[in-house]
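Asker: Encoded as structure tokens, here's the structure I'll be asking about.
Protein chains in written order, with the working numbering: chain A, 1 to 117; chain B, 1001 to 1113.
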């Protein structure tokens, strides 16, 4: 799986959009970008994933650059409850993987997003 | 609430002992994954089961073992415990034999004294 680089920490004011960048310059054509977050000591929570088109769901938007070497997770109206560690993970497309199971999602150190009141 | 249930929430034991952590996946999910999270190592994938069969192995020690039962619940057994095994242990589940979208439980905090 391609390696990802994220800033260690970021601040954002409550009510503003939080834009979390992720660099994955070695991503290959069959690898998806996934975002999870982990609120302090809770289990990680799936946010969104995409291949090359921008994606949006009830939690966030995912913007992937045309060359797919980087992406941005956008939380449109951040609240204090969005304070968490956000993980960007790059992973091969599931249907193209044959044989047994996966090696499991590899969580790096992520970005600690702090929403300021 | 993710729908994944882990018990117990907290476990305190001594070095050399053996413990069993239990996980009930979301209804309908066939895959179960175990992760370990410690302060210095972050979230580490241990092992995955799909419909009762082991499908993938990560950084799981030989002292650790797991299984998935016919009712799809899973147990992680940790034996000959050491101080360094103190960590948060998470279970996750997904519908398919692939961790495209995992749902995590709230974890078991293990403290080895």
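Note that the Cβ used here is the ideal one computed from N, Cα and C, for glycine as well.
Cβ atoms of residue 4 of chain A and residue 24 of chain A: under 7 Å apart, would you say?
Answerer: Cβ atoms of residue 24 of chain A and residue 4 of chain A: closer than 7 Å.
Asker: Where does residue 1028 of chain B sit, in a helix, a strand or coil, going by DSSP?
Answerer: In this structure, residue 1028 of chain B counts as coil in the three-state DSSP scheme.
Asker: By the three-class DSSP mapping on this structure, what secondary structure does residue 948 of chain B have?
Answerer: What the structure shows of chain B is the stretch from 1001 to 1113, and residue 948 of chain B is not part of that stretch, so it cannot be assessed.
Asker: Measuring alpha carbon to alpha carbon, tell me which residue in B:1018, B:1029, B:1074 is nearest residue 1112 of chain B.
Answerer: With distances taken between Cα atoms, residue 1112 of chain B lies closest to B:1018.
Asker: Can you pull the chain B neighbours of residue 46 of chain A, defined as C-beta to C-beta under 8 Å?
Answerer: Residues of chain B passing the Cβ test: 1101, 1102, 1103.
Asker: Within this structure, are the beta carbons of residue 34 of chain A and residue 49 of chain A separated by less than 7 Å?
Answerer: In this structure, residue 49 of chain A lies closer than 7 Å to residue 34 of chain A by Cβ.
Asker: Which of the three DSSP states, helix, strand or coil, is assigned to residue 95 of chain A?
Answerer: Interpretation of residue 95 of chain A is limited by its pLDDT of 47, a score under 50 that renders its predicted location unreliable; the figure taken from the coordinates is listed afterwards. DSSP places residue 95 of chain A in helix when its eight states are reduced to three.
Asker: Name, going along the chain, the residues of the segment 1044-1067 of chain B whose beta-carbon falls closer than 7 Å to a beta-carbon of chain A.
Answerer: The residues in question are 1045, 1048, 1050, 1055, 1056, 1058.
Asker: Along the beta strand (DSSP E) that carries residue 1110 of chain B, what are the first and last residues, could you check?
Answerer: Residue 1110 of chain B -> beta strand (DSSP E) spans 1108-1112.
Asker: So residue 1090 of chain B contacts chain A; which residues on that side make the cut at Cβ distance below 8 Å?
Answerer: Within chain A, the residues near residue 1090 of chain B are 43, 44.
Asker: What does residue 1002 of chain B touch in chain A if you count any residue whose Cβ is under 8 Å from its own?
Answerer: Those within 8 Å of residue 1002 of chain B in chain A are 43, 45.
Asker: Helix, strand or coil: which one does DSSP assign to residue 81 of chain A?
Answerer: Residue 81 of chain A: helix per DSSP, three-state reduction.
Asker: How long is the line joining the alpha carbons of residue 1011 of chain B and residue 1039 of chain B, rounded to whole angstroms?
Answerer: When rounded, the distance between both Cα atoms is 17 Å.
Asker: Could you check the C-alpha separation between residue 1004 of chain B and residue 1029 of chain B for me, to the nearest Å?
Answerer: Their backbone Cα atoms lie some 10 Å apart in a straight line.
Asker: Our contact map puts residue 1042 of chain B next to residue 107 of chain A with C-beta atoms below 8 Å; I'd like the distance itself, whole angstroms only.
Answerer: Yes, they are in contact, since the Cβ atoms of residue 1042 of chain B and residue 107 of chain A sit about 6 Å apart, within 8 Å.
Asker: Using a 10 Å radius around the Cβ and a threshold of 16 neighbouring Cβ atoms, would you call residue 1063 of chain B buried or exposed?
Answerer: The residue is exposed, with fewer than 16 neighbouring Cβ atoms inside 10 Å.
Asker: Distance cutoff 7 Å, beta carbons only. Does residue 50 of chain A sit that close to anything in chain B?
Answerer: By this cut-off, residue 50 of chain A is not an interface position.
Asker: Taking Cβ-Cβ distances below 9 Å as the criterion, which residues of the segment 19-35 of chain A are in contact with chain B?
Answerer: Listed in sequence order: 32, 34.
Asker: From the DSSP output, in three-state form, read off residue 1085 of chain B for me.
Answerer: In this structure, residue 1085 of chain B counts as helix in the three-state DSSP scheme.
Asker: Looking at residue 1077 of chain B: is its Cβ nearer than 7 Å to the Cβ of residue 1007 of chain B?
Answerer: No; because the gap between Cβ atoms is not below 7 Å, this pair is not in contact.
Asker: Which first and last residues belong to the beta strand (DSSP E) in which residue 982 of chain B is found?
Answerer: Chain B is shown from 1001 up to 1113; residue 982 of chain B falls before or after that span and cannot be answered.
Asker: Measuring straight from C-alpha to C-alpha, what distance separates residue 40 of chain A and residue 1087 of chain B?
Answerer: Distance between the alpha carbons of residue 40 of chain A and residue 1087 of chain B is about 14 Å.
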